[in-house]
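Undergrad:
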Amino acid sequence: MRAFKLVSATDSAQAVALLAEHGPGVKVLAGGTDLLVDLKAAPEAPAVVLDISRAADMKGIAATDAGLRIGALVTHGELTRSPLVRELAPVLAEAARTIGAVQTRNLGTLGGNLVSGVPSMDSGPALIALEARVTVAGPRGTRTLGLAEFFVGPRRTALAPDELLVDVVVPAASLGKPAGFLKSGLRKGQALALVNVAAALWIDPDRGAFRAPRIALGAVAPTVIRAPRAEAYLEGRAVTAEAMAEAGRIAATEARPIGDFRASADYRRELVAVLTRRALAAACDRAEGAQ
Ligand SMILES: Cc1cc2nc3c(=O)[nH]c(=O)nc-3n(C[C@H](O)[C@H](O)[C@H](O)COP(=O)(O)OP(=O)(O)OC[C@H]3O[C@@H](n4cnc5c(N)ncnc54)[C@H](O)[C@@H]3O)c2cc1C
């Protein structure tokens, strides 16, 4: 790796100022699990690396009026251990637990995972199923947007070069919403997803029917996507195994996977059908457990 100048920030405002000062050539460093791999392979070092790992206001997990606020610097390990996450949005802890090995989970941050924009990321589907929003800070102030809109293409997000991802908020309306996450890789551990799926839903207790079902698919399109036709099929429909299987089949038609050396497009579509059905069933089990 070639030499570069390292600057560091103790909060997001200072980080934004340093980004503006050093211009578009600056690279942001959080846990470094993606960035350092990229820098080692890159033909040229960036002029400046901005270390944000000590930015205090980008850390921590807190329940607020708006929902569950998770700082961008929260690591996957912290997500798996957090009592608040496990109580209010346990599907996030489940997804985080599947990421890499313990060393990667202890360094890698939620923000870094989302900004990487890799379609197979494991935190995206769970957060999109819970309709999470992100806060972005830049020289023009802060703005919030839905996580689904944050992803704009493979390895591309809505972040401008002078902006930082500050936090993720799981809205209050989604807290406690029963959800399930499933991932299939080539191995049981340390494997990127061939396909990952998250589903979240309420069950109308009077009618025994799906309410506000949300399904998010990873690794089968240029970004993590929702499966709106499968969601519309389930809305108001009685909770049955056949309905969940049919929703899985519909979700498979909404996926746009590529085939590569790890799996064919057809196999990935089949995985979407199976994992969607199982993620819905896991969410229903959780809903029944909560009653
Ligand atoms: C061995 C190994 C196994 C892995 N397994 C998995 C896996 O199973 N599932 C999975 O999803 N991922 C996996 N990853 C990927 C990686 O661990 C995650 O993407 C990680 O969360 C990235 O976070 P980080 O803090 O290390 O980011 P960094 O490497 O520091 O940064 C990543 C990118 O995001 C930018 N960035 C970081 N934070 C911010 C911010 N707050 N605002 C603006 N830009 C920012 C950086 O500039 C850089 O471009 C694996 C990685 C390794 C090395």
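The numbering of the sequence shown is the working numbering, which starts it at 1155 and goes up by one.
C-beta atoms are modelled at their ideal positions from N, C-alpha and C, and glycine is treated no differently.
Assign R1223 to buried or exposed, taking buried as 16 or more other Cβ atoms, counted over all protein chains shown, within 10 Å of its Cβ.
TA: Numbered from 1 along the sequence shown, position 69 holds the residue referred to as residue 1223. Flag for R1223 reads buried.
Undergrad: Please report the straight-line C-alpha distance between R1403 and Y1387, rounded to a whole angstrom.
TA: Position 249 of the sequence shown, counted from the start, is the residue given in the question as residue 1403. Position 233 of the sequence shown, counted from the start, is the residue given in the question as residue 1387. Taking the straight line joining both Cα atoms gives about 11 Å.
Undergrad: Could you work out which residue in V1393, S1328, K1342 is closest to D1360 when comparing CA atoms only?
TA: Position 206 of the sequence shown holds residue 1360. Considering only alpha carbons, the answer is V1393.
Undergrad: According to DSSP, is T1289 part of a helix, a strand, or is it coil?
TA: As a working note, residue 1289 is residue 135 in the sequence shown. Here T1289 sits in strand by DSSP.
Undergrad: Compute the Euclidean distance between the alpha carbons of M1275 and G1231, then round it to the nearest angstrom.
TA: If you number the sequence shown from 1, residue 1275 lands on position 121. If you number the sequence shown from 1, residue 1231 lands on position 77. Taking the straight line joining both Cα atoms gives about 15 Å.
Undergrad: Mind checking whether the beta-carbon of M1398 lies closer than 7 Å to any heavy atom of ligand 1?
TA: The count along the sequence shown starts at 1 and reaches residue 1398 at position 244. It does not: the Cβ of M1398 is nowhere closer than 7 Å to a heavy atom of ligand 1.
Undergrad: Alpha carbons only, please: which of L1190, V1290, L1246 is nearest the one belonging to L1261?
TA: Within the sequence shown, residue 1261 is the residue found at index 107, counting from 1. Cα-wise, what sits closest to L1261 is L1190.
Undergrad: Say yes only if the C-beta of V1202 is nearer than 7 Å to one or more non-hydrogen atoms of ligand 1, and no if none qualify.
TA: Along the sequence shown, read from residue 1 onward, the residue named residue 1202 stands at position 48. Answer for V1202: no, Cβ out of range of ligand 1.
Undergrad: Taking its Cβ as the centre, do 16 or more other Cβ atoms sit within 10 Å of K1159, making it buried, or is it exposed?
TA: One-based indexing of the sequence shown puts residue 1159 at position 5. It counts as exposed.
Undergrad: List the whole-angstrom C-beta distance separating A1352 from A1333, where the pair is believed to meet the contact cut-off of C-beta under 8 Å.
TA: Here residue 1352 refers to the residue found at position 198 when the sequence shown is read from its first residue. Here residue 1333 refers to the residue found at position 179 when the sequence shown is read from its first residue. The pair is a contact, with the Cβ atoms about 6 Å apart (cut-off 8 Å).
Undergrad: Which class does S1328 belong to by DSSP, given the choice of helix, strand or coil?
TA: On the sequence shown, position 174 is the one that residue 1328 refers to. Here S1328 sits in helix by DSSP.
Undergrad: With a 10 Å radius around its C-beta and 16 neighbouring C-beta atoms as the bar for buried, classify V1306 as buried or exposed.
TA: Here residue 1306 refers to the residue found at position 152 of the sequence shown. Looking at its Cβ environment, which holds fewer than 16 other Cβ atoms inside 10 Å, V1306 is exposed.
Undergrad: Determine the direct distance from the alpha carbon of L1193 to that of S1236, and round the result to whole angstroms.
TA: Taking the first residue of the sequence shown as 1, we reach residue 1236 at position 82. Taking the first residue of the sequence shown as 1, we reach residue 1193 at position 39. About 31 Å.
Undergrad: Contact between the region 1362-1381 and the region 1342-1349 is defined here as three or more beta-carbon pairs at a separation below 8 Å; is this criterion met?
TA: Enough Cβ pairs lie closer than 8 Å, so yes.
Undergrad: I need the straight-line Cα distance from V1161 to L1204, nearest angstrom please.
TA: Here residue 1161 refers to the residue found at position 7 when the sequence shown is read from its first residue. Here residue 1204 refers to the residue found at position 50 when the sequence shown is read from its first residue. About 5 Å.
Undergrad: What would DSSP say about V1378, mapped onto helix, strand or coil?
TA: Residue 1378 sits at position 224 when you count from the first residue of the sequence shown. If DSSP states are grouped into helix, strand and coil, V1378 belongs with coil.
Undergrad: If R1208 sits next to T1164, beta carbons under 8 Å apart, how far is it from one beta carbon to the other, in whole angstroms?
TA: Mapped onto the sequence shown, residue 1208 falls at position 54. Mapped onto the sequence shown, residue 1164 falls at position 10. Right, their Cβ atoms sit about 5 Å apart.
Undergrad: Residue range of the alpha helix (DSSP H) that F1304 falls in?
TA: Counted from its first residue, the sequence shown places residue 1304 at position 150. It spans 1301-1304 - the alpha helix (DSSP H) in which F1304 sits, taken as one unbroken run.
Undergrad: Is it the case that the region 1250-1261 contacts the region 1282-1293, given that we only count it when at least three CB pairs across the two stretches are under 8 Å?
TA: Too few Cβ pairs lie closer than 8 Å, so no.
Undergrad: Take I1253 and list the residues in its own chain whose beta-carbon comes closer than 6 Å to its own, dropping the five residues that flank it on each side.
TA: As a working mapping, residue 1253 is identified with position 99 in the sequence shown. Once the five neighbours on either side are set aside, the close Cβ partners of I1253 are H1230, R1259, D1276.
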